[in-house]
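Structure record follows, encoded as structure tokens.
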Amino acid sequence: MTALLRRRQMLAAAAVAAAAKVLPAHAQGVDIARATSFIQATGQELVAAINANGASVAQRRERVAQILRRAVDVDGVGRFILGRWWRNATPEQQQEYLQLFEQVLIRNLSARFGEYQGVRFALGRTQARTEDDALVNTVVERPNTPPFGLDWRVAEVNGQPKVVDVIAEGTSLRLTTRSEYSSVISRNGGNVASLLQAMRQQIQQLAAREGG
Amino acid sequence: MTATRRRQRSPLLVLSLALAVATAGCATRPDPSDAEAVAEFQANNDPLEPLNRGMYFVNDGLDVLILRPAAEAYRIFLPPEVRTAIRNMLGNLRSPVILVNDVLQGETQRAGTTVGRFLLNTTLGVGGIFDVAKDFGLLGHTEDFGQTLAVWGMPEGPYLFVPVLGPSNPRDLAGAGVDAASNPLTWISGGEFFDAASNTRIVVQGLDTREGLIEPLDAVRRESLDPYATLRSAYRQRRAAEIRNSAPESPAARGTGFGAGTGMEGPRR
């Protein structure tokens, strides 16, 4: 898994060219049909959880969070996003970062998806293979909203298909967040602790908004 | 009309320039021996970052005080059907510009779609109020001269954040100027009625755009630890997707189609 991520980092951004040398890249291909059926199943689960009748907002959100925790390669995505700063962090910081990242990611995503009442989704036109992952295109429809394209990047992680990126209308969550986090660290003199502090604060605010 | 617009914007421009001078300076270059830091600096392509952050700060103030409340009012006072009709009309009025850029990019099929949509929506769609072309399978898309320049191979140039307009770059700003000049509506004048109508169109276009961005921008403000950096990245990625024509139906086709945007589309409520 680590090697796979290292490899993708290298391909995705020249920024980590140096890091890629650390580990030999042996990409493990993901079967496109397997990736597609994985996204179809996960998508149906999510839609069912979001549209569940009789469930409170908090219940729906919790159900969505459960599905996401299972389907998303949270640690891999977290490491990708921290990018070049991962090696600057102490092991303790790395560990705390991954814990904070999981909370931020799951809370933000489930709050976002939780608003999608009445959502429907269908597999889109293109299911593409890249060198070491698959891009599964879906079209999301909500009442009174034009349909929009949502791409899921799926990779094989420890023998299981996992979501490693979500791309809404061409905007990758992974790349956008990497830019965000790197900017926070750079503007604080390359100090990873400043990012952790900001994330802790953010989680407090998110928790307060969710009502605990 | 152009003169009127320039006059309206001038206080803003003065303010922006004053701030530009105050915060002037270029982004600190990274240590040249740190290859990753250099690569990131180049990927961000934001040598004017301090200036841009100043502009972002100005924009944030304007947005909180004026733009977002105006968009909220627009949403509250007009029912969704009316707002959809307005959005359709604005999209239809932009058809000539979209067509010119379809042709300049050699996209004959998309050019045909644009012509078909314009004819159907202007007639059956009662002057563009209803998007009937969609029911005939002709989905809307947008194009602008910034995208055409990109297709022709022009680089985007350094990132720029322009108050009110949002994220942009020299290529897309120049493109927006060419689009305005190539829009027949820009040249229709003669009398107060046309001037008023054309100013109204510009204001409504702004309201429509900002209204569509209420949720996405709220989400960025709420979720991002550095909204400036998030928008910069999102804008770039979104423009790249628009240039590739990869979206099934570009949301911008329903709004201003102006190159400067946030890279996100809001729900219609």
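These protein sequence lines are chains Y and E, in that order.
Numbering follows our numbering, in which position 59 of the first sequence is assigned residue number 81; successive positions increment by one, without gaps.
Numbering follows our numbering, in which position 261 of the second sequence is assigned residue number 243; successive positions increment by one, without gaps.
Each residue gets a CB set at the ideal place from its N, CA and C atoms; glycine is no exception.
None of these values were measured; they are calculated from a predicted model.
Pull up the distance between the alpha-carbon of residue i and that of residue j, whole angstroms please.
{"i": "E:Gly135", "j": "Y:Ile61", "result": "36 Å"}
{"i": "Y:Leu211", "j": "Y:Leu120", "result": "Just to set this straight, residue 211 of chain Y is Gly in the shown sequence, not Leu. Near 21 Å, if we compare the C-alpha coordinates of Y:Leu120 and Y:Gly211."}
{"i": "Y:Glu163", "j": "Y:Gln139", "result": "10 Å"}
{"i": "Y:Ala144", "j": "Y:Thr160", "result": "6 Å"}
{"i": "Y:Leu218", "j": "E:Asp126", "result": "41 Å"}
{"i": "E:Ile108", "j": "Y:Val94", "result": "In the sequence on display, residue 108 of chain E carries Val and not Ile. Going by the C-alpha atoms only, they are around 47 Å apart."}
{"i": "E:Ser15", "j": "Y:Asn213", "result": "19 Å"}
{"i": "Y:Ala87", "j": "E:Val97", "result": "46 Å"}
{"i": "E:Ala178", "j": "E:Asn103", "result": "24 Å"}
{"i": "E:Ile184", "j": "E:Asn74", "result": "14 Å"}
{"i": "E:Met37", "j": "E:Ser164", "result": "28 Å"}
{"i": "Y:Asn166", "j": "E:Pro62", "result": "9 Å"}
{"i": "Y:Val99", "j": "E:Glu174", "result": "57 Å"}
{"i": "Y:Arg200", "j": "E:Phe59", "result": "39 Å"}
{"i": "Y:Glu202", "j": "E:Asp208", "result": "6 Å"}
{"i": "Y:Val310", "j": "E:Thr90", "result": "Chain Y is shown from 23 up to 234; residue 310 of chain Y falls before or after that span and cannot be answered."}
{"i": "E:Leu33", "j": "Y:Ser205", "result": "16 Å"}
{"i": "Y:Leu33", "j": "E:Ile225", "result": "At Y:Leu33, the pLDDT of 45 sits below 50, so the modelled position is not reliable; the number obtained from the coordinates is stated separately. Their Cα atoms are separated by approximately 21 Å."}
{"i": "Y:Glu191", "j": "E:Ser180", "result": "31 Å"}
{"i": "Y:Gln66", "j": "E:Arg192", "result": "32 Å"}
{"i": "Y:Arg85", "j": "Y:Ala71", "result": "6 Å"}
{"i": "Y:Trp174", "j": "Y:Val188", "result": "5 Å"}
{"i": "Y:Leu90", "j": "E:Val160", "result": "45 Å"}
{"i": "Y:Ala230", "j": "Y:Gly136", "result": "17 Å"}
{"i": "Y:Arg83", "j": "Y:Leu228", "result": "13 Å"}
{"i": "Y:Ser216", "j": "Y:Phe102", "result": "18 Å"}
{"i": "E:Ala21", "j": "E:Leu147", "result": "28 Å"}
{"i": "E:Thr95", "j": "E:Ala211", "result": "36 Å"}
{"i": "Y:Asp154", "j": "Y:Glu178", "result": "8 Å"}
{"i": "E:Ala222", "j": "Y:Gln149", "result": "19 Å"}
{"i": "E:Arg218", "j": "E:Ser77", "result": "24 Å"}
{"i": "Y:Pro46", "j": "E:Leu120", "result": "Because the pLDDT of Y:Pro46 is 36, which lies under 50, any placement of that residue in the model is unreliable, and the number read from its coordinates should be weighed accordingly. Cα to Cα, Y:Pro46 sits roughly 49 Å from E:Leu120."}
{"i": "E:Leu213", "j": "Y:Leu197", "result": "12 Å"}
Assign residue i to one of two classes, buried (16 or more other C-beta atoms within 10 Å of its C-beta) or exposed (fewer than that).
{"i": "Y:Val79", "result": "exposed"}
{"i": "Y:Pro168", "result": "buried"}
{"i": "E:Trp169", "result": "exposed"}
{"i": "Y:Arg151", "result": "exposed"}
{"i": "E:Ser232", "result": "Its pLDDT being 46, under 50, E:Ser232 is placed unreliably by the model, and nothing is read from it."}
{"i": "E:Ser171", "result": "exposed"}
{"i": "Y:Pro183", "result": "buried"}
{"i": "E:Gln129", "result": "buried"}
{"i": "E:Ala132", "result": "buried"}
{"i": "E:Val79", "result": "buried"}
{"i": "E:Asn41", "result": "buried"}
{"i": "E:Asn70", "result": "buried"}
{"i": "E:Leu190", "result": "The sequence as given places Asp at residue 190 of chain E; Leu does not occur at that position. Result: buried."}
{"i": "E:Pro145", "result": "buried"}
Would you list the residues sitting across from residue i in a DSSP beta bridge?
{"i": "E:Pro14", "result": "E:Pro14 is not bridged to any residue."}
{"i": "Y:Arg151", "result": "Y:Ala156"}
{"i": "Y:Ser194", "result": "Y:Ile189"}
{"i": "E:Ser150", "result": "E:Leu142"}
{"i": "Y:Asp173", "result": "Y:Asn159 and Y:Ile189"}
{"i": "Y:Leu145", "result": "Y:Thr160"}
{"i": "Y:Val179", "result": "Y:Gln182"}
{"i": "Y:Val94", "result": "Y:Val185"}
{"i": "E:Thr182", "result": "E:Thr182 is not bridged to any residue."}
{"i": "E:Thr168", "result": "E:Thr168 pairs with nothing; no bridge assigned."}
{"i": "Y:Thr167", "result": "Y:Arg164"}
Following a CB-centred definition, is residue i positioned closer than 8 Å to any heavy atom of the ligand HEM?
{"i": "Y:Pro183", "result": "In the structure shown, the ligand HEM is absent, as is every other ligand, since no ligand is present at all."}
Who are the neighbours of residue i on chain A, taking C-beta pairs under 9 Å?
{"i": "Y:Ala220", "result": "You won't find chain A in this structure, because its protein chains are Y and E."}
Open item on the list: Closer than 9 Å between beta carbons: that is the criterion. Which residues of the region 198 to 213 of chain Y meet it against chain E?
Closed with: Those residues of the region 198 to 213 of chain Y that come within reach of chain E (Cβ to Cβ, closer than 9 Å) are Thr198, Thr199, Arg200, Ser201, Glu202, Tyr203, Ser204, Ser205, Val206, Ser208, Arg209 and Gly212.
Task: chain Y contacts from the region 211 to 223 of chain E (Cβ-Cβ distance under 8 Å) - done: Contact residues of the region 211 to 223 of chain E toward chain Y are Ala211, Thr212, Arg214, Ser215, Ala216, Gln219, Arg220, Ala222 and Ala223 (C-beta to C-beta distance below 8 Å).
TODO: Using a Cβ-Cβ cut-off of less than 8 Å, list which residues of the region 24 to 44 of chain E approach chain Y; keep chain order.
DONE: From the region 24 to 44 of chain E, only Ala25 and Asn26 have a Cβ closer than 8 Å to chain Y.
Task: Stretch pair the region 201 to 214 of chain E + the region 46 to 59 of chain E: three plus CB contacts closer than 8 Å - done: The region 201 to 214 of chain E, when compared against the region 46 to 59 of chain E, does not touch it at the 8 Å Cβ threshold.
TODO: Count the CB pairs spanning the region 21 to 29 of chain E and the region 130 to 145 of chain E that are closer than 8 Å, and state whether there are at least three.
DONE: The region 21 to 29 of chain E vs the region 130 to 145 of chain E: in contact.
Open item on the list: Does the region 107 to 122 of chain E come into contact with the region 149 to 168 of chain E, if we say contact requires no fewer than three beta-carbon pairs (one atom in each stretch) closer than 8 Å?
Closed with: No, the region 107 to 122 of chain E does not touch the region 149 to 168 of chain E.
Open item on the list: Using a Cβ-Cβ cutoff of 9 Å, what residues of the region 169 to 201 of chain Y are near chain E? List them in chain order.
Closed with: Within the region 169 to 201 of chain Y, the residues whose Cβ lies closer than 9 Å to some Cβ of chain E are Pro169, Phe170, Gly171, Ile189, Ala190, Glu191, Gly192, Thr193, Ser194, Leu197, Thr198, Thr199, Arg200 and Ser201, listed in chain order.
TODO: Taking 8 Å as the threshold, find out whether the region 43 to 52 of chain E comes into contact with the region 73 to 89 of chain E through three or more Cβ pairs.
DONE: Under the three-pair Cβ rule at 8 Å, the region 43 to 52 of chain E does not count as touching the region 73 to 89 of chain E.
Open item on the list: If contact is defined by three or more beta carbon pairs under 8 Å, each pair taking one atom from either stretch, is the region 108 to 118 of chain Y in contact with the region 70 to 78 of chain Y?
Closed with: They do not touch, by the three-pair rule.
TODO: Please name the residues in the region 54 to 84 of chain E whose beta-carbon is closer than 8 Å to at least one beta-carbon of chain Y, in chain order.
DONE: Contacts with chain Y (Cβ-Cβ distance below 8 Å) from the region 54 to 84 of chain E involve Pro62, listed in chain order.
- [ ] Could you list the residues in the region 69 to 84 of chain Y with a C-beta less than 7 Å from some C-beta on chain E, going in chain order?
- [x] The region 69 to 84 of chain Y vs chain E, Cβ under 7 Å: nothing.
Open item on the list: Please list, in chain order, the residues of the region 90 to 114 of chain Y that have any C-beta partner in chain E closer than 7 Å.
Closed with: Those would be Arg106, in chain order.
TODO: Determine which residues of the region 117 to 141 of chain E have a Cβ less than 9 Å from any Cβ of chain Y, and write them out in chain order.
DONE: So nothing in the stretch comes that close.
Open item on the list: Output needed in chain order: residues of the region 186 to 206 of chain E with a Cβ under 9 Å from some Cβ in chain Y.
Closed with: Listed by position along the chain: Glu197, Ala201, Arg204, Glu205 and Ser206.
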